[in-house]
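**Q** Here's a structure for you.
Numbering (the working numbering), first residue to last: 92 to 547.
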C-alpha cells in the first residue's frame, strides 16, 4: 500500500512541478496550439513571408524528423484500438486496421507536403496565409473555425484522459476518487494556472516528455501482450478493468461502413499540417527533396508507432478495447500505472499549447483586434469551464476522437490542402485527379464518419 500511495503522490508532484517550472514572461512570441492530439502545436507565423524560399533555415533533417514526430504523435493514439473494435472483434480485423493506419498516414504525409509546396508557390509562410492567397480572404472564417473546433475537441479529449487517468491512479493508491473529482482537482490546481499564462515558450522543453511517454507506454503494452498477463490465467486477468472479448468479425468487416470510424480518428491522429510552413522554413537548404525526406521519415515513424499501439491494445482486449486503452489495464499493474503517469504529465504539458489555439480561434472568429489581458482571461475561464463540464459528463473518448476527426479533422488534412493545391494549379497535371479524389474522400469520410460516431 505504501508503494501505491507513493506512486499516486509522485504523479501529483510531477504535475505540480511541470506547472511551477513554467515562469511567466513578458508577452511576446507565443506557441499557438494546433490540432487534436498531444503536441499538436501550431506555431506563430514566421516574420518573413518569403522565408520558405530563402533557404536560411538551420535545422538538419534528423532535427526536423524528431520535432515533427513530436508534433504528430500524442495521447490520441491510445484511442486507436477502440477504432478497430468499432468494426471487428477477431484478430484478423487488425489487418484492415493496420492498412487504414498506413493509408491514412501516407495521404496525410502527401497533403502535408502539398502545403509546403503551396507556401513556396504563393510566397506565404502559414497555413492561413496560403489559404487567403490561394482561395480568398472571404472564406478565412472557415479556417479560423476549423482551428477553433479541432483545438476544442483536442482539449476535451485531454480533459477526459486526465479525468480517467488521475481517478485510476488514485484507485491504484487505495483512494476512492470519482472522475469528476479527479477532473476538477487537476483542472483547478494545474490546468487553469497554465492556461492563464500569456506566454508558453517555457513549455517547449517539456514537449520531449510526450514522445518519451508514448514510447514507454507502447513498450509496456507490448510487454503485457507478449507476456500474456491479461489472458485467462494471467497475472492480471482477474483484476483487469474489462475482460477481453473476441469473436468472428474479422477481415470481412472491412466492408462495414463502421471502419470509417477508425479512418476519421486517424485523420486527427496525423494532424500537424498547420506546422508544415514552419518546418519548411526552418529546414537547412530547404529544397523540396530534403523536405520530402523529413516528411517520409516522420510519418513513417508515426505510422509504425500507431500500428504497434493499435496491435498491442486490440490483440490484448479485442472488442472490449476502451476509448482510452489504458482504462483496460488493471490498477494493480505497476507498468500500466507508470504509463498513466507518463500520459498524465504529457497531456498536462501539451494542454495549454492546444488551448491557446482554441482561444485564439474564438478571437479570430469574432475578428477581435484589441485583445486585452482582461478579455483573454475571461475567454480562458469561460472556455475551460465549458470543456471541463463536457469532460465530466462524457466518458467515450473514442466518440470524441472520431467525431473531431470526422468533422474538421478530415477537412484540415484532406480537403483544405487539396482545394488550395487545385486553386493554384495553372493547368491539369498528373496530380490533379488524385488531389480531387483525396478531397472527395475527405468529404465522404467526414459525412459518414460523423453519422456513425453518433450512432456509437
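By construction, the Cβ of each residue, glycine as well, lies at the ideal position given by its N, Cα and C atoms.
#1: For residue 177, does the three-state DSSP call read helix, strand or coil?
#2: From the DSSP secondary-structure annotation, give me the bridge partner or partners of residue 375.
#3: Ignoring anything shorter than 4 residues, give me the alpha helix (DSSP H) runs that lie fully in the stretch 459 to 530, in order along the chain.
#4: If you compare alpha carbons, which of 155, 150 and 162 is closest to residue 362?
#5: Below 8 Å, how does it come out for the stretch 399 to 418 and the stretch 300 to 319: are there three or more Cβ pairs, yes or no?
#6: Is residue 505 closer than 8 Å to residue 358 when the C-beta atoms are compared?
#7: Is the distance from the Cβ of residue 200 to the Cβ of residue 387 below 8 Å?
#8: Excluding sequence positions up to five away, which residues of its chain have a Cβ less than 7 Å from the Cβ of residue 349?
#9: Using C-beta distances below 6 Å, list every residue in its chain close to residue 149, excluding the 5 sequence neighbours before and after it, in chain order.
#10: State whether the stretch 150 to 160 contacts the stretch 458 to 472, with contact taken as three or more CB pairs (one from each stretch) at a distance under 8 Å.
#11: Going by C-alpha distance, which of 240, 174 and 458 is nearest residue 445?
#12: For the stretch 331 to 340 against the stretch 410 to 427, are there 3 or more C-beta pairs whose distance is under 8 Å?
#13: Taking the beta carbon of residue 488 as the centre, do at least 16 other beta carbons fall within 10 Å, making it buried, or is it exposed?
#14: Where are the beta strand (DSSP E) runs, 3 residues long or more, that stay fully inside the stretch 304 to 338, in chain order?
#15: In three-state DSSP terms, what is residue 537?
#16: Taking Cβ to Cβ, would you say residue 383 is nearer than 8 Å to residue 196?
#17: Around the C-beta of residue 433, are 16 or more other C-beta atoms found within 10 angstroms, so that it is buried, or is it exposed?
#18: Does residue 517 pass the burial test, meaning 16 or more other C-beta atoms within 10 Å, or should it be called exposed?
#19: Relative to the C-alpha of residue 479, which candidate in 277, 226 and 191 has its C-alpha closest?
#20: With a Cβ-Cβ cutoff of 8 Å, do residue 540 and residue 496 count as a contact?
#21: May I ask you to report which of helix, strand or coil DSSP gives residue 409?
#22: Would you grab the beta carbon distance between residue 231 and residue 219 for me? Rounded to a whole angstrom, and I think it's under 8 Å.
#23: Going by beta carbon distance, what residues of the same chain come within less than 7 Å of residue 426, once the five residues before and after it are set aside?
#24: Inspect the beta-carbon positions of residue 530 and residue 515 and report whether they are closer than 8 Å.
#25: Quick check: the Cα distance between residue 228 and residue 461, rounded to an integer number of angstroms?
#26: Could you tell me which of 370, 491, 252 and 174 sits nearest to residue 347, measuring between CA atoms?
#27: Determine the direct distance from the alpha carbon of residue 217 to that of residue 254, and round the result to whole angstroms.
#28: Rounded to the nearest angstrom, how far is the Cβ of residue 54 from that of residue 209, given a contact under 8 Å?
#29: Give me the residue from 368, 439, 166 and 273 with the minimum Cα distance to residue 302.
#30: Is residue 170 near residue 503, with beta carbons less than 8 Å apart?
#31: DSSP three-state call for residue 215: helix, strand or coil?
#32: Do you know how far the Cα of residue 507 is from the Cα of residue 365?
#33: Looking at the structure shown, is residue 382 part of a helix, part of a strand, or coil, going by DSSP?
#34: Under 8 Å, do residue 536 and residue 233 count as touching if we go by C-beta distance?
#35: Are any of the Cβ atoms in chain B nearer than 8 Å to that of residue 255?
#36: Residues in the same chain with beta-carbon distance under 8 Å from residue 338, minus the five sequence neighbours each way, listed in chain order, please.
**A** In brief:
#1: coil
#2: 147
#3: 464 to 484, 488 to 495 and 507 to 515
#4: 162
#5: With the cut-off at 8 Å, the stretch 399 to 418 and the stretch 300 to 319 touch.
#6: Contact flag set, yes.
#7: yes
#8: 177, 178 and 543
#9: 375
#10: No, because fewer than three Cβ pairs between the stretch 150 to 160 and the stretch 458 to 472 fall closer than 8 Å, the two stretches do not touch.
#11: Of the listed residues, the one whose Cα sits closest to residue 445 is 240.
#12: yes
#13: buried
#14: none
#15: helix
#16: no
#17: buried
#18: exposed
#19: 277
#20: Closer than 8 Å, so yes.
#21: strand
#22: 7 Å
#23: 311, 314 and 315
#24: no
#25: 20 Å
#26: 174
#27: 34 Å
#28: With the chain covering 92 to 547 only, the question about residue 54 has no answer from this structure.
#29: Ranking the options by Cα distance to residue 302, first place goes to 166.
#30: no
#31: coil
#32: 11 Å
#33: helix
#34: no
#35: In the structure shown, chain B does not exist; there is a single protein chain.
#36: 180, 181, 409 and 410
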